[in-house]
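**Q**
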Amino acid sequence: MYEVLSRIHGPEDVKSLDDEELVRLAADIRDALMNRISKAGGHFGPNFGVVEATIALHYVFDSPKDKFVFDVSHQSYPHKILTGRAEAYTNPERFRDVSGYTNPEESEHDFFNVGHTSTSIALASGLAEGRNLLGGHENIIALIGDGALSGGEALEALNYAGSELKGNFIIVVNDNQQAIAEVHGGLYENLKLLRETDGQAENNLFRAMGLDYVYEAEGNDVLRLIDVFRKVKDIDHPIVVHINTVKGKGYGIAEKNKEAWHYTAPFDPDTGRPAISFGDTERYTDLTAAYLMDKAKKDGSFIVVTPAMPGAAGLTPQMREELGIQYRDVGIAEEQAVAMASGIAKNGGKPVVITAATFMQRAFDQISQDVCINNTPVTIVLNYASVMAMNDVTHLGIYAISAFSNIPNLVVLAPTSGREYRAMLSWAVDQKDHPVMILMPHGRVTDDERTVDGDYSDLNRFKVEQRGSKVAILALGDFYGIGKKVAEAYERRTGIQPTLINPRFASGIDAELLEGLKADHDRIVTLEDGIVDGGFGQKISAFYADSDMKVISYGMEKEFYDRYDSRRLLKDLGIDPEMIAETL
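So in our numbering, the last spot in the sequence shown is 1670, and the numbers never skip.
(1) Please check the pair P1584 and A1573, which I expect to be a contact at CB under 8 Å, by giving their CB distance rounded to whole angstroms.
(2) Please state whether the Cβ-Cβ distance between T1444 and H1481 is less than 8 Å.
(3) Is Q1452 closer than 8 Å to A1489 when the C-beta atoms are compared?
(4) To the nearest angstrom, how far is the alpha carbon of H1348 from that of G1233?
(5) Start and end of the alpha helix (DSSP H) containing G1567?
(6) Measuring alpha carbon to alpha carbon, tell me which of S1159, F1181, L1219, A1210 ends up nearest N1199.
(7) Here's the rule: buried if 16 or more other CB atoms are within 10 angstroms of the residue's CB, otherwise exposed. What is S1204?
(8) Are the region 1110–1128 and the region 1314–1321 touching, with three or more C-beta to C-beta distances below 8 Å?
(9) Expressed to the nearest angstrom, what Euclidean distance is found between the alpha-carbon atoms of G1221 and T1350?
(10) To the nearest angstrom, how far is the alpha carbon of A1425 from that of D1456?
(11) With 16 as the cutoff for other CB atoms within 10 Å, does K1225 come out buried or exposed?
(12) Is the number of C-beta pairs between the region 1164–1178 and the region 1128–1143 that are closer than 8 Å three or more?
(13) Since T1502 and G1594 should fall inside the 8 Å C-beta cutoff, what is the C-beta to C-beta distance between them, to a whole number of angstroms?
(14) To the nearest angstrom, how far is the alpha carbon of K1475 from that of A1208?
(15) If you compare alpha carbons, which of D1648, A1667, E1664 is closest to E1191?
(16) When the distance is taken between beta carbons, is F1388 closer than 8 Å to V1515?
(17) Between the beta-carbon of N1290 and the beta-carbon of K1252, is there less than 8 Å?
(18) DSSP three-state label for H1223, please.
(19) Could you check if E1598 is buried or exposed, using at least 16 other CB atoms within 10 Å of its CB as the buried criterion?
(20) Grouping DSSP H, G and I as helix and E and B as strand, with all else coil, what is G1446?
(21) Going residue by residue through the region 1294–1352, where are the continuous alpha helix (DSSP H) segments of at least 4 residues, counting only ones entirely within it?
(22) Please check the pair V1538 and A1575, which I expect to be a contact at CB under 8 Å, by giving their CB distance rounded to whole angstroms.
(23) Can you tell me the Cα-Cα spacing of A1346 and Q1552, whole angstroms?
(24) Please go through the region 1607–1653 and give each complete alpha helix (DSSP H) segment of 4 or more residues, from N-terminal end onward.
(25) Take the Cβ of L1143 as the centre, count every other Cβ of all protein chains shown within 10 Å, and call the residue buried at 16 or more, exposed below.
(26) Determine the contact status of V1464 and P1437, defining contact as a CB-CB distance below 8 Å.
(27) Ends of the alpha helix (DSSP H) at Q1404?
(28) Within its chain, find whatever has a CB closer than 7 Å to the CB of I1617; leave out the 5 residues flanking it on each side and keep chain order.
(29) Determine contact between the region 1280–1289 and the region 1229–1245, defined as no fewer than three beta-carbon pairs at a distance below 8 Å.
(30) Would you report the Cα separation of I1666 and G1660, rounded to the nearest angstrom?
(31) Let me confirm a value: D1104 is counted as buried when at least 16 other C-beta atoms fall within 10 Å, else exposed. Which label applies?
(32) For R1654, does the count of other Cβ atoms within 10 angstroms reach 16, so buried, or fall short, so exposed?
(33) Under the DSSP definition of a beta bridge, which residues are partnered with N1469?
(34) Since Y1413 sits in a beta bridge, which residues does DSSP pair it with?
(35) If you follow the alpha helix (DSSP H) that N1276 is in, where does it begin and where does it stop?
(36) Could you tell me how far apart the beta carbons of M1526 and Y1370 are, in whole angstroms, since I believe they sit closer than 8 Å?
Here it is in C-alpha cells:
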C-alpha cells in the first residue's frame, strides 16, 4: 500500500515520477484520503475531486517559491500529503497533526490560514502585487471551486486582476458544477456554456473581465493537466485555467450524491454508511425545517433565503423542490441574501435568511445598512452560533452575540428550548416592526415544563424562571441549562434559593428587572455562549457599574480558538456548575 506515495517526502519527489507512477500516485492519495476521512471525518468530495490537479500543480510548479492559494482550503488535503504531511493521512496516530485547512504554522507550503470562501483570488492578487513591488518572478496560483466564484470577494478580485494586475497570475477554476448543494447564478450558466463549447463560447465571463483564458475538459487527467500547466507557467499576464472535474472522483457513492459527501462524519468505506449513530433524537435543524415547510404551506408571502447553506436549515433537496418559489438560494453570497431579504420585506413578503453564524460575518454591513437602518422586518437565523458547534479556528460561531447584538434596531433572541425557539421563529416572521436575529440552539432539541411566551414585542423583557434571593443567575440561550445547574449547586451548598433568569434578548437589558434585583440580591452571574468582550454579560456589568452589586460574567475569551474540546475548554474557563457555585 502507498507504493508510490511512500517515496514522496516533498514536491521535488513528485517531479521525478514517470507517467505511470503519476497515475498510481493519484490512487495512493485517494487511499490515504479514504483512510483518514473514513475514520476521522472531513471534507470528502472537494479533496477527491482535486487529486490530479494538485499532483499536476506540484509537478509543474516549484512550491513554495511558486505560491499556491487554495480557496476555502478545504480541498488542500492532497496538497498537504505532497508537502511532507502524508503521515497525517496514512497513520491514525498522526491524524491530529494537521488541520482541515491550509495552515502556515504547519508548512512553508501554506501561505494563509483560510476557511471561508471566495478569498483565494484576492489573497493571491496581493501576493502578486507584493512580488511586483519587490521585483520577484515567481508564479502565483489561486485555485477556486466548489461554488466560490459567486462570492462577492471573488468577483471583486477577478475584476481587479483582469485590468489592474500586471505580470504572472494564474487562476485555476476547478469547475465541479457544485457548491455544497447545487450551484446557483448566471456565472454558472456561463461556465456550463464554456464546458459545452470546449471553452470556445464567445460569451466568456473571464475574457469579459480582461483575463486570458484556457479550458481543459479532462480535469481529472493528470497528464493533460501537466501539459496545460506547463503552457501557462511563467506567463507574463493574468490567465484563467478552467478545468472540468468530478467532485468526489474515485468513490462512486460520493460521485452520485455530491451534496451529502461534501463533508462527512466517519463512515464505512465499503457501504458509505455512517460509523456513528445520532439515533432518532430531533435536532434543531429538523425542527427548523419542519417549521419552514409548515409555514410555507400556510402563508404564500413567506420565503426562505439561503446563501448556499440549505443544510443549515435542515432543508433536503426534496424539501427545496417542494418549496418552489418560496425558496431561493443565492449562491455563496451572504450580502445578496440579506439585502434581497430586506427588499422582499419592504415589498410585503416575510423572508427568513438562514446560514451558519461564522459566514454571516460577511454580511455585517448589509445587516446594519440595508436592514437595520431601514428597519425592515427580516428574520435572520444563525446556526452553529455556539462554542459546542464547529471548532476550527476559521468556523467559530462564538463571536455572533458581540458582533450583532450591538447593531441598532436589531432584536437578537436567544432561545433556551425547542418550544421557545419555535415560538420566537413564529413571532419574528409574522411581526412587522423589527429586524430579528435568532441564535439557533445547538445539538439535540431540549424541552422542559417551563411556560413559553408567544409574543416578544415587549422588547428586552427578561423572564424570571425561579425567584430567589441573594444571587441572580442570568443564563442566556444555550447556556440556560448550565445556569439551571449552577442554581441547583448553589442551593445545595448554601440552602439559599437563587434567582434564575432567562434573558431571552441578547441585544438589550431589562433595566426595570435589574434595578429591582438590588433590593435583595448582592451578586449577579451571567452566562453566555459567546465571547465576553462586547457581549451580553458586559451589558449587565455596565448597568451595575455605579452600584455595590458584584457581577461575574462567564463566556469565552476574545481568542481564535482552534480544534478544541468544548467540554475541556468550558472547564478551563471555569464554566462548570460546581466551580461557579464554589466561586459564589
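The beta carbon of each residue, even a glycine, is placed where N, CA and C say it ideally should be.
In this text the structure is predicted, and so the values were computed from the model without any measurement.
**A** Put simply:
(1) Going by Cβ atoms, the distance from P1584 to A1573 rounds to 5 Å, so yes, they are a contact pair.
(2) Yes, Cβ-Cβ distance for T1444 and H1481 is below 8 Å.
(3) No, the Cβ-Cβ distance between A1489 and Q1452 is not below 8 Å.
(4) Note on geometry: alpha-carbon atoms of H1348 and G1233 lie some 12 Å from one another.
(5) G1567 -> alpha helix (DSSP H) spans 1566–1580.
(6) Minimum Cα-Cα distance from N1199 among the listed residues S1159, F1181, L1219, A1210 corresponds to S1159.
(7) When all chains shown are included, S1204 counts as buried.
(8) Short answer: they don't touch.
(9) Counting only the Cα atoms, T1350 lies some 44 Å from G1221.
(10) Near 6 Å, if we compare the C-alpha coordinates of D1456 and A1425.
(11) Residue identity differs from the one stated: residue 1225 is Asn in this sequence, not Lys. Residue environment analysis places N1225 among the buried positions, since at least 16 neighbouring C-beta atoms fall within 10 angstroms of its C-beta.
(12) Contact between the region 1164–1178 and the region 1128–1143 is present, with at least three C-beta pairs closer than 8 Å.
(13) A Cβ-Cβ separation of about 17 Å leaves T1502 out of contact with G1594 under the 8 Å criterion.
(14) Residue identity differs from the one stated: residue 1475 is Ala in this sequence, not Lys. Answer to the nearest angstrom: the Cα atoms are 29 Å apart.
(15) It is D1648.
(16) With contacts defined by Cβ atoms closer than 8 Å, V1515 and F1388 form a contacting pair.
(17) No, they are not a contact pair.
(18) In the structure shown, the three-state DSSP call for H1223 is coil.
(19) By the 10 Å Cβ count, E1598 comes out exposed.
(20) What sits at residue 1446 in the sequence shown is Met, not Gly. Here M1446 sits in helix by DSSP.
(21) You should have 1308–1318, 1338–1342.
(22) A1575 and V1538 do not touch by the CB rule: their CB atoms are close to 25 Å apart, not below 8 Å.
(23) So the two alpha carbons sit approximately 44 Å from each other.
(24) If we require 4 residues or more, the alpha helix (DSSP H) runs fully inside the region 1607–1653 come out as 1622–1629.
(25) So L1143 ends up on the buried side.
(26) In this structure, V1464 places its C-beta atom within 8 Å of the C-beta atom of P1437.
(27) Unbroken alpha helix (DSSP H) run through Q1404: 1403–1409.
(28) Excluding positions up to five away in sequence, the list reads I1484, Y1485, S1488, G1641, M1642, E1643, K1644.
(29) Look at the beta carbons and you see the region 1280–1289 not touching the region 1229–1245: under three pairs across the two are nearer than 8 Å.
(30) Spanning the two alpha carbons is a distance of roughly 7 Å.
(31) Around the beta carbon of D1104, fewer than 16 other beta carbons sit within 10 angstroms, so the residue counts as exposed.
(32) Exposed, because fewer than 16 other Cβ atoms sit within 10 Å of the Cβ of R1654.
(33) In the DSSP output, where bridge partners are listed per residue, N1469 has A1442.
(34) For Y1413, which the question treats as bridged, DSSP gives the partners V1390.
(35) 1272–1282 is the span of the alpha helix (DSSP H), which, as asked, contains N1276.
(36) For a cut-off of 8 Å, the C-beta gap from M1526 to Y1370 is around 5 Å, short enough to register as a contact.
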